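Quick notes on the structure that follows.
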Ligand code: YXS
């Protein structure tokens with residue numbers, strides 16, 4: 162489900178599950194983890210995460226068919242998407258998201274969790290929990306909040322609108338937007354500059370920034386209250402309806418219960 166390439170100190174992971182629009186499933190994430198472990202052992206200094214050239218859909222997000230039925234937390238610690246995000250954050254070198262096409266849901270968070278984002282003109286990004294009545298988890302929301310500002314994060318999460326890469330670049334969420342024909346050259350030129358710098362310094366700055374970006378205090382009471390609120394959502398008829406509507410390829414009807 163992933164194509165793995167490594168040339169010297171730069172590695173490339175290509176999402177390779179086109180039949181399901183590169184939906185992020187457990188097997189794909191297991192392959193991702195194994196590849197990242199090999200890259201660490203091989204002293205890879207920069208990873209590029211991409212879809213195949215010409216992809217209309219970079220990734221359709223979390224594999225909805227793997228979301229648990231109502232009554233279970235759909236984004237708990239061991240969920241594949243949560244593992245994927247941590248793999249990206251913990252890799253001791255920059256992970257560059259090279260994006261073309263549309264990016265949905267958990268894939269939008271995945272791209273935002275990458276250290277750098279270079280998108281082709283015309284790419285769009287949609288955060289979709291509200292389309293499926295999913296109670297996103299708090300570290301996932303922090304990824305959005307760290308990538309965007311609160312106003313934009315709320316617009317993306319509440320509307321689920323696909324946002325053009327150009328607008329996200331202008332708001333500092335995306336590093337560069339380039340013509341599709343220049344996407345690879347621009348991305349790998351930046352990767353080459355990065356791997357020509359000091360890897361230890363970069364790795365430790367990445368880890369410091371991860372710690373600083375996640376340095377939020379929260380009382381145990383607030384944590385318990387959040388988990389309780391999320392449980393109301395994933396126990397709701399709306400959550401079950403969201404899953405069923407996707408399976409039946411129809412628009413869901415949410416009743417707020
Ligand atoms: O019917 P077959 O077997 O051919 O499969 C279809 C789709 O069911 C499948 N597929 C997916 N399967 C699992 N999980 C997905 N997220 C997913 N998306 C698509 O791929 C086959 C082709 O899909 P189709 O015919 O719709 O392709 P298309 O080219 O017409 O449209 C591409 C999309 C991406 C616009 C469309 O597939 C779509 O809207 N997909 C759902 C996007 C989405 O809402 N993703 C959020 C997933 S949930 C998630 O990430 C988080 C939990 S949250 O929601 O909280 O953000």
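Residue numbers (our numbering): 162 to 418.
The C-beta atom is built at its ideal place from N, Cα and C for all residues, glycine as well.
Note that the structure is a prediction, hence the values are computed from the model and not measured.
Within its own chain, the residues whose Cβ lies closer than 6 Å to the Cβ of residue 407, once the five positions on either side in sequence are excluded, are 225, listed in chain order. Closest option to residue 417, judged by alpha-carbon separation, among 234, 272, 394 and 185: 394.
Spanning the alpha carbons of residue 349 and residue 285 requires a straight line of approximately 21 Å. Bridge partners of residue 269 according to DSSP: none are assigned. Remark: fewer than three beta-carbon pairs, one from each stretch, lie closer than 8 Å, so the region 314-324 and the region 230-250 are not flagged as touching. For the pair of segments examined, the region 324-332 was found to touch the region 277-284: the number of CB pairs separated by less than 8 Å reaches three. Taking C-beta separations shorter than 6 Å and ignoring five residues to either side along the sequence, the partners of residue 253 in its chain run 364, following chain order.
Within the region 334-408, the alpha helix (DSSP H) runs of at least 4 residues that lie entirely inside it are, in chain order, 344-356, 360-374, 381-395 and 398-408. Here residue 415 is near residue 294, since their CB atoms are less than 8 Å apart. Between the alpha carbons of residue 298 and residue 168 lies a distance of about 36 Å. In this structure, the ligand YXS has a non-hydrogen atom nearer than 7 Å to the beta-carbon of residue 289. Here residue 220 is actually not in contact with residue 172; their C-beta atoms are around 18 Å apart, not less than 8 Å. In this chain, the alpha helix (DSSP H) harbouring residue 328 covers 326-331. Here residue 196 has 163, 165 and 174 as same chain residues with Cβ atoms under 7 Å from its own Cβ, once five neighbours each way along the sequence are excluded. Taken through DSSP and simplified to helix, strand or coil, residue 236 comes out as coil.
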